[in-house]
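Residue numbers for the sequence shown follow this note's numbering, beginning at -10 and rising by one.
Quick reminder that beta carbons are idealized off the backbone N, C-alpha and C, glycines included.
The model shown is predicted, which means the values in this text are computed figures rather than measured ones.
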Amino acid sequence: MQQVLITGATSGIGRQLALDYIKQGWIVWACGRNQAALTELKQAAGEHLHPLCFDINDVAQIGQAARKITALDLAILNAGTCEYIDDAKQFDGALFERVMQTNVISLGYCLQHFLPLIKRGGKLALMGSSASYLALPRAEAYGASKAAVSYLARTLAIDLKPSGIAVSLINPGFVNTPLTAKNDFPMPMSIDVAQASAAIMAGLAKDRFDVHFPKKFTFILKTLAMLPEFIWQGLAARIRK
């Protein structure tokens, strides 16, 4: 049986992916820091789901979890957070540090311990965001963190190719999850976690590098990103108001 590791598996997209991979006959290593949520997921998914409880910001805990796994066919590093800078003139350095720590630094910790477990011919997927396609209001922390993930994925794709490991970058639009439920602004063309999981699994099965969805929304962002910067900044300023 093929084995997949999914971080951030206790809610949202990660939880749905765990359930869907189980349905397809995979062994799933479901990672999260909420033991109660992992227990509930185990009860829902059955014997082929193996919960791993650890904090992705604790490199020692990640190392302990990794020692329980012998080999992986796929690792989906999905865990992350989102906070916004409400007033750029009063820049919140602590908020910026929290977001970068969880979305970027902890990703490095996970790569350190889980990447060596991926078999030749296996796959690595990093959770980015369509927010990294262009600068968005209030997204100084979140957008910067996902831009870093995008660059990381692109360099890993080059350097892991000789090892026979394919790399994918997942760039969702708005997905209805507990995290996005905190957003205080409209989320156009939002989709549910079942749709997001299906899009991710289909993209990874086809070895696509840029797994982005919903396509209509992400193509709009990609088109806007081609505008001269001064034009986009003017449009974005209107959105900010």
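Query: By the three-class DSSP mapping on this structure, what secondary structure does H102 have?; Result: helix
Query: Three-state secondary structure (DSSP) at L61?; Result: strand
Query: For the beta strand (DSSP E) that contains K112, what are its first and last residues?; Result: I107 to M116
Query: With distances taken from CA atoms, which of T166, L193, N165 and A124 is nearest K231?; Result: Absent from the structure is residue 231, since the part of the chain shown begins at -10 and ends at 230.
Query: Put F85 into one of helix, strand or coil per three-state DSSP.; Result: helix
Query: By Cβ distance, which residues of its chain are closer than 6 Å to A214, with the 5 residues on each side in sequence left out?; Result: Y122 and L123
Query: If you follow the alpha helix (DSSP H) that L30 is in, where does it begin and where does it stop?; Result: Q24 to A34
Query: Judging by CA-CA distance, which residue of F208, E129 and H201 is the nearest neighbour of L84?; Result: E129
Query: Look at the alpha carbon of N160 and the alpha carbon of G192, and state the distance between them as a whole number of angstroms.; Result: 11 Å
Query: Near P167, which residues of its chain fall below 7 Å by C-beta distance, leaving aside the five closest residues on each side in sequence?; Result: S0 and G1
Query: Write down the C-beta distance between D62 and K108 rounded to the nearest angstrom, noting that I regard them as a contact closer than 8 Å.; Result: 6 Å
Query: Give, in chain order, every unbroken run of the beta strand (DSSP E) that is at least 3 residues long and sits entirely within the segment 145 to 218.; Result: 155 to 161 and 199 to 202
Query: In whole angstroms, what is the alpha-carbon distance linking A22 and A133?; Result: Residue identity differs from the one stated: residue 22 is Arg in this sequence, not Ala. One C-alpha to the other measures close to 25 Å.
Query: Would you mind working out which of V(-7), F163, A25 and S179 sits nearest I11, comparing C-alpha positions?; Result: V(-7)
Query: Secondary structure at L125, three-state DSSP: helix, strand or coil?; Result: coil
Query: Can you tell which of P126, K195 and I180 has its C-alpha closest to the C-alpha of A155?; Result: K195
Query: With DSSP run on the structure shown, which of helix, strand or coil describes I16?; Result: strand
Query: Any idea what DSSP makes of G(-3), helix, strand or coil?; Result: coil
Query: Between the C-alpha atoms of P105 and E86, what's the straight-line distance to the nearest angstrom?; Result: 28 Å
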